[in-house]
Structure formats: structure tokens, C-alpha cells
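> So that we are looking at the same thing, I have put the structure below in C-alpha cells.
Here it is in C-alpha cells:
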């Protein structure tokens, strides 16, 4: 478990405006977890190790390693080990993690055998369980939060595809979640479809539930409309304190908010950009040709239509047809 | 000169929120002008013709063709013809321009023989002269605006590199410009260094001068920090009505706000995205390998440092070293 390091937080600079910084802000690296959706979680150990060491050097607060997926649903021989994040696999990279970096995994509602597969926190090097839930899975998510909390973990809950959830259901979900043990409630733009005004208004809403209950709000974005970074800043300004980002934006489809952009914006002196650039150069960019994440027009089209990027991912995977963006546009409009 | 087409503007949808639209908004395509900075303005005629026809089909309001640069400073045999935009070259593409699309060129202060090279409007197919000026060239810009206005053109003034101008000088410039004949005053993020809060506050400032004088405000962005589109929306929301964008973002360095993203955001039914996607596929993307515009980490670094992108452009042009982003970062920090 991560060693506490309070020194950076005691030297607070309290002043409004962007010259100062807000020490409560936590950066969560999701390179390996979200990027794993582009290669079935099969990374070389040296990449995972490099991302881990980079997060430590760069002063990033949390690193998300992958999923705690059910081995009954996702057979271990068909995925890389970061689909299941067994304790032995994690320790092979981080040993006992004698660093200030905290480690997290994601647990999907209805796709995780959480009672069995998530160890008590004192037997694990993990610090945080991030429960991912669609709106109709909230009751299971509440049970998963309680399970993780009772085992001794920090917890977050990520309400997926918020752009497709109606106001009434979202309010009901937030009302339930603030009564739970969860520490952070995440606004998740799964389809990369939000504009800044929508992010601002949703973060305001999430905070109106979370703050009175002593909870924090987080933001996780996708770059379909090249707004992942802009919307993360918007959420930060509105008061979100947990910010997801990934090295070179590595993540599903159009990818996530780029860590290197965030580090250019954040002024807490504990954050360092150079190790991030070095890791991108040595380990992340060399994977681009194969993994093919990042902004492209097919992802823009699905984001603009507020749809899951799977059709765009399929289109981009076919190298013979990848440049025919008009055909893709036509196929998406016909589907409507 | 463009034929007036009022029909689209009479069917106004007047309602707040993003479901409606603001009919006053004008889209300015700067693909060929700003993109020309990546190839010394030497485009094939078929590319210019395709962009022109695309602008007409897509309902874009203005197309900027290039510069009216001085032939004494920039020898015609060393540049493509869109560096000088002679009337014959323009008419070879657009004939008498029997369309609603208006045509514009940029004229740089101190680099344009405007008295001689800009014809009276009734002898030209051009509709608008865009005067580009650094803060110390405002007196010359005022003379250029008067010259163009008296010749019968619409005019804009683009105060370049606003991110490096001190508040007092900017206020003085705006005070002078609102007394001129200029129709639109542009906020220009030449280095791609502004955040949304800065854009919002500067558009508010520009509007506070422009509106009482009956003038409009425009926005021109660069994508160094992947905020070109986000900042253009921010300016639009704040009240800017003239929005620059380019096909696939083609423009100097990290490029401009992408037209295809803007067309996904704007809801005026006169705007069409499909012709833009087709032109990108057939004519713009095929130039990417050679022209190398678009977001990349060296451009992010110059934008973050509020510096001209020329060092990043030089770095990106050297194919042997292009991936060594850490070396570039180190060189920029040393320069500081």
C-alpha cells in the first residue's frame, strides 16, 4: 500500500486564479486500464513497469492498473493479465509499492466476482477500488462499494455513459450513492460527447449531492471531439478534484485526456512533466501503430451522435478502408 | 463578388441553449491561407478548387484564399501564387464567384503594398480584406483598414499574438480600432497558448469595445494544446460571431480549429458536414505526410510556454529526430 506523503500537501499555495493551485486535486493515471481496452490488456511487463515508475517520478497520485474482471466471464487464457489484476501479477511490477503513488483497479458491476477476487486491503498492495456501473446496475454497485470499503479500500464510483442517462434517473442514482461508503463520485463521458456547458452543469449537479455528504467529484473524459482536456479543465474549475488522464491519451477509441496536457496546466510543484514525456517517447508512442488510439474523424462522428465508439473502432481496425470517412459517416446516418 | 443569399437568415430559430442556433454566426474557412504557411502557399489548383466548392456546398460564409503579400519582399518565383493572390489567379478558380460564399484575403501590416496591390472592390472578385497586425503596427493597420474600406471591401483586423500583449497596450489598440472603419475585430491565439478562462475574459473585453461601436468580434485559434475547438466554442458562447476554422485543421504548426468539429457543434441547418468530410478525405488528408500540420507534443510545449511555434516546426521538419520529444523539451527549457 502506498506510503503517505504529506509534505507536498502542507506547502499549500492558497490563492485564486491559475497562477496558484488547488492542493486537493488528485491526478489518476488510467493509461494501462483504459488503454488495455485496445489490446485486451496484454501489455509487456516493461511497459507497465515504465508507466508505474513514471507515475512515481511525475508526482501522479494514483495509477490504475486494469480490471478485476470475472475469470468465469473473461477466460484468463484469452486476455492479458491486466484484465484480472491478480495480486501476484501486480507485485511482480511494484513489489510492496514503497512509494507515495497509490494503486487502483476498476471493477465492473455484473462483470466482477468481487466477493472472492478482491482481497482484504491488508493482504493487497492495492489502495483503491473503482466501481464502474451503468445506471441500471446501481444496486449492485452499492454492494460492491460496501464490499470494497469494508475490506479497507478507498472507493470511487464511475457512473458510465452519463450522456445517455435521463435527468430523473441520474438524480435518483446520486441520491443513493451519497448514502453509500463511496469517497468519490465520477462524471464519466464514455462516448466523448459532452460540451463544456454540459460538463459544467453536470459537475455542479454532482457536487450539489456529493459535497454535503463529504464526498468528492471526479471526471473521466474521452477525446472523440477533441474536448477531453478542455472538459477536464472545465470540471476542475467547477470543483472536481479527481482528474483522470493517460499518457499520450492512451485509452479506448479516441483515448482519454492527455496527462502531458494536464501537467502543463496544473501548477502544483510536485507534478513533473519530463518523466511523462520520456515514457511517452520510449514506451507509449511505439505502440501507436498497433493500438491505434487517438482522435480521428470516425470517433468524432460517434461522439457527436452520442453513441458507443464500437462501430468506429471496428472501422479503424480495417486498414484497407480506414481512410473512407465519408462511407463511415453515411453508415452512421443510415443507422439513425 | 458573392451573391447575397438572405433566405437562410430569415428562417431564424430564436431560443437559448445549444439546441437552437445564432444566425449571426459566420464561419470563415482559412484552410488555404493558414495551411499555406506549411507549403509556401504552393497548392495545386485542384485543391483550391475543391476547397472552394466544399465551402459553397457546406454553407460556409467566407473562404480565405491566401495573402496579398508584397512582391518586393516575397519574390513571386519563390512562393506559390496564394502568397500574392493576384486577381487572375483567383478568377482561374472561382470565375466571377456566382455563389453566396464570400472571398477574403489576408494583408499583413508592413508586408503588403496595399495601395497598389489591392484593387478597387468593383474590379475584384474579393469581398473582404483581413488586416493582420502586431500590436506595434496598429497605426499602419488603421491606414490599411481605411484603404480597403474606401475601396469598397468588408474589413476585419486581426491583432496577432494577443497572448503576449500587455493589458494596457491591448486596451489602447482596441480604443483606436473602434474609431476605424473596421467591421470585425479578431482575438487571435497565434501561439495556441490560451485557456478557456482567458478566452472568455478577452472576448468580453473585445466585445466591451466593439459592441458600442457597432462592430463584431471574431476568434482565430491554434491547436497547440488541443484547445482550438474548445476555445472557439468558448468565444462563441461569450458572443464572438466570426469563427475561423479549417478543413482537418490545416494550418501553421498544430493547425487551427477543425471545421468538421465546428460543423458538428453549429446547428444552423444551412451548414452541411458531409462535403467537408469528402474534401478532407480526397484532398486534405493526402497532404498530411508532406505538410505535417496538426497537434503534436513539440507544438504543445511551445504553446504551453506562450512562444512562437517556429522552433517546433523546425524540429518536426527533421524526420530523423522528430520522435525525440524529450530533447526538444530540454532545448526549450534551456532557452528560457
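Residue numbers (this note's numbering), protein chains in the order written: chain L, 1 to 336; chain R, 1001 to 1336. Cβ coordinates follow ideal geometry from the N, Cα and C atoms, glycine included.
1) Are residue 54 of chain L and residue 269 of chain L touching if we call contact CB-CB under 8 angstroms?
2) Could you tell me which residues DSSP puts in a beta bridge with residue 218 of chain L?
3) Evaluate residue 64 of chain L with the Cβ neighbour count: other Cβ atoms within 10 Å of its Cβ, from every protein chain shown; 16 or more gives buried, anything less gives exposed.
4) If you draw a straight line from the C-alpha of residue 1295 of chain R to the C-alpha of residue 1302 of chain R, how long is it?
5) Which residue wins for smallest C-alpha separation from residue 251 of chain L, given the options L/299, L/230, L/213 and L/237?
6) Taking 6 angstroms as the limit between beta carbons, can you name the residues of its chain near residue 1027 of chain R, skipping five residues before and five after?
7) Counting Cβ pairs, one atom from each stretch, are 3 or more of them under 8 angstroms apart for the segment 304–313 of chain L and the segment 80–90 of chain L?
8) Output the boundary residues of the beta strand (DSSP E) element that contains residue 300 of chain L.
9) Report the option in L/100, L/256 and L/225 whose CA atom is closest to the CA atom of residue 194 of chain L.
10) What residues in its chain sit with their C-beta under 6 angstroms from that of residue 1015 of chain R, if we drop five residues either side in the sequence?
11) Along the chain, where does the beta strand (DSSP E) that runs through residue 195 of chain L open and close?
12) Does any residue of chain L have a CB that is nearer than 8 angstroms to the CB of residue 1196 of chain R?
13) Use the C-beta contact count for residue 115 of chain L: other C-beta atoms within 10 angstroms, 16 or more gives buried, fewer gives exposed.
14) Name the chain L residues that come within less than 8 angstroms of residue 1285 of chain R, Cβ to Cβ?
15) If you measure between the beta carbons of residue 133 of chain L and residue 109 of chain L, is that distance less than 8 angstroms?
16) Counting only the same chain and skipping the five closest in sequence on each side, list residues whose C-beta sits under 7 angstroms from that of residue 202 of chain L.
17) For residue 157 of chain L, which residues in the same chain have their Cβ closer than 7 angstroms to its Cβ, ignoring the five residues on either side in sequence?
18) Could you name the residues that DSSP lists as bridge partners for residue 1206 of chain R?
19) My output table needs one value for residue 8 of chain L: the three-state DSSP class, helix, strand or coil.
20) Residue 1029 of chain R by DSSP, collapsed to three states: which one?
21) Indicate the three-state DSSP secondary structure (helix, strand or coil) for residue 134 of chain L in the structure shown.
22) With a cut-off of 8 angstroms on the beta carbons, I'd call residue 232 of chain L and residue 248 of chain L a contact; round off their distance for me.
23) Closer than 8 angstroms, CB to CB, is residue 1334 of chain R near chain L or not?
24) Where does residue 15 of chain L fall in DSSP's three states?
25) Tell me the DSSP secondary structure of residue 1021 of chain R in three-state form.
26) Please return the same chain residues whose Cβ sits closer than 8 angstroms to the Cβ of residue 89 of chain L, not counting the five positions on each side in sequence.
27) Identify the continuous beta strand (DSSP E) that holds residue 313 of chain L and give its terminal residues.
28) If you measure from the beta carbon of residue 1230 of chain R to each beta carbon in chain L, is any gap under 8 angstroms?
29) So what's residue 148 of chain L in DSSP terms, helix, strand or just coil?
30) What residue range is occupied by the uninterrupted beta strand (DSSP E) comprising residue 108 of chain L?
31) Look at residue 127 of chain L and residue 154 of chain L and say whether their C-beta atoms are less than 8 angstroms apart.
32) Could you spell out where the alpha helix (DSSP H) holding residue 54 of chain L opens and where it closes?
33) Could you check whether residue 72 of chain L and residue 118 of chain L sit closer than 8 angstroms to each other, using their CB atoms as the reference points?
34) Which value, in whole angstroms, describes the spacing of the CA atoms of residue 1069 of chain R and residue 1076 of chain R?
35) Could you give the distance in angstroms between the alpha-carbon of residue 129 of chain L and the alpha-carbon of residue 120 of chain L?
36) List the endpoints of the continuous alpha helix (DSSP H) containing residue 256 of chain L.
Walking through what the data contain:
1) As a position in the first chain, residue 54 of chain L is number 54, starting the count at 1. As a position in the first chain, residue 269 of chain L is number 269, starting the count at 1. Not closer than 8 angstroms, so no.
2) Position 218 of the first chain, counted from the start, is the residue given in the question as residue 218 of chain L. In the DSSP output, where bridge partners are listed per residue, residue 218 of chain L has L/186 and L/242.
3) Residue 64 of chain L sits at position 64 when you count from the first residue of the first chain. When all chains shown are included, residue 64 of chain L counts as buried.
4) Against the second chain, residue 1295 of chain R aligns to sequence position 295. Against the second chain, residue 1302 of chain R aligns to sequence position 302. Roughly 12 angstroms separates the two Cα atoms.
5) Looking up residue 251 of chain L in the first chain gives position 251. It is L/299.
6) One-based indexing of the second chain puts residue 1027 of chain R at position 27. Result list for residue 1027 of chain R: 1060, 1061 and 1243, in chain order.
7) no
8) Numbered from its first residue, the first chain carries residue 300 of chain L at position 300. Looking at the DSSP string, residue 300 of chain L is not in any beta strand (DSSP E); the run it does join, the alpha helix (DSSP H), is 297–304.
9) Walking along the first chain from the start, residue 194 of chain L turns up at place 194. Selected option, being the one with the closest Cα: L/225.
10) Here the question's residue 1015 of chain R lines up with position 15 in the second chain. Any reading at residue 1015 of chain R is ruled out, since the residue's pLDDT is 49, under 50, leaving its predicted position unreliable.
11) Locating residue 195 of chain L in the first chain gives position 195, counting from the first residue. First-last for residue 195 of chain L: undefined, no H or E at that position.
12) Translated into positions along the second chain, residue 1196 of chain R becomes position 196. Yes - at least one Cβ of chain L is within 8 angstroms of the one on residue 1196 of chain R.
13) As a working mapping, residue 115 of chain L is identified with position 115 in the first chain. With fewer than 16 Cβ atoms within 10 Å of its Cβ, residue 115 of chain L is classed as exposed.
14) Taking the first residue of the second chain as position 1, residue 1285 of chain R is located at position 285. What residue 1285 of chain R touches in chain L: 323.
15) One-based indexing of the first chain puts residue 133 of chain L at position 133. One-based indexing of the first chain puts residue 109 of chain L at position 109. Taking 8 angstroms as the Cβ cut-off, residue 133 of chain L and residue 109 of chain L qualify as a contacting pair.
16) In the first chain, the residue the question calls residue 202 of chain L occupies position 202. Excluding positions up to five away in sequence, the list reads 162 and 187.
17) The residue given as residue 157 of chain L occupies position 157 in the first chain. Contacts found: 131, 133, 141, 145, 177, 182, 185 and 186.
18) The count along the second chain starts at 1 and reaches residue 1206 of chain R at position 206. For residue 1206 of chain R, which the question treats as bridged, DSSP gives no partner whatsoever.
19) Here residue 8 of chain L is taken as the residue at index 8 of the first chain, counted from 1. Since pLDDT at residue 8 of chain L reaches only 40, below the 50 mark, its modelled position is unreliable, and no value is offered.
20) Working through the second chain from its first residue, we reach residue 1029 of chain R at position 29. In this structure, residue 1029 of chain R counts as strand in the three-state DSSP scheme.
21) Counting from 1 along the first chain, the entry for residue 134 of chain L is found at position 134. Residue 134 of chain L: coil per DSSP, three-state reduction.
22) By 1-based counting over the first chain, the position of residue 232 of chain L is 232. By 1-based counting over the first chain, the position of residue 248 of chain L is 248. Wrong, their Cβ atoms sit about 15 angstroms apart, outside the cutoff.
23) Along the second chain, one-based indexing puts residue 1334 of chain R at 334. With 8 angstroms as the cut-off, residue 1334 of chain R does not count as an interface residue toward chain L.
24) To locate residue 15 of chain L, count along the first chain from 1; it is residue 15. Unreliable placement is indicated for residue 15 of chain L, whose pLDDT of 49 sits below 50; no coordinate value is reported for it.
25) Translated into the one-based positions of the second chain, residue 1021 of chain R becomes position 21. Of the three classes helix, strand and coil, the one that applies to residue 1021 of chain R here is coil, per DSSP.
26) Along the first chain, one-based indexing puts residue 89 of chain L at 89. Once the five neighbours on either side are set aside, the close Cβ partners of residue 89 of chain L are 81 and 82.
27) In the first chain, residue 313 of chain L corresponds to position 313, counting from 1. That residue, residue 313 of chain L, is in no beta strand (DSSP E); its alpha helix (DSSP H) goes 310–317.
28) Position 230 of the second chain holds residue 1230 of chain R. Chain L contact via Cβ: present.
29) One-based indexing of the first chain puts residue 148 of chain L at position 148. Looking at residue 148 of chain L - three-state DSSP - the assignment turns out to be helix.
30) Within the first chain, the letter at position 108 stands for residue 108 of chain L. Where residue 108 of chain L is concerned, the enclosing beta strand (DSSP E) stretches over 102–108.
31) Within the first chain, residue 127 of chain L is the residue found at index 127, counting from 1. Within the first chain, residue 154 of chain L is the residue found at index 154, counting from 1. The answer is yes: Cβ separation under 8 angstroms.
32) Counting from one through the first chain, the residue named residue 54 of chain L turns up at place 54. Per DSSP, residue 54 of chain L belongs to the alpha helix (DSSP H) from 45–58.
33) As a first step, residue 118 of chain L must be located in the first chain, where it is residue number 118. As a first step, residue 72 of chain L must be located in the first chain, where it is residue number 72. Contact: no.
34) On the second chain, residue 1069 of chain R is found 69 positions in, with the first residue counted as 1. On the second chain, residue 1076 of chain R is found 76 positions in, with the first residue counted as 1. Cα-Cα distance, rounded: 10 angstroms.
35) The residue you call residue 129 of chain L lines up with position 129 of the first chain. The residue you call residue 120 of chain L lines up with position 120 of the first chain. In a straight line, the C-alpha of residue 129 of chain L is about 11 angstroms away from that of residue 120 of chain L.
36) As a first step, residue 256 of chain L is located in the first chain; it is residue number 256 there, counting from the start. Counting along the chain, residue 256 of chain L falls outside any alpha helix (DSSP H), and DSSP gives it neither H nor E.
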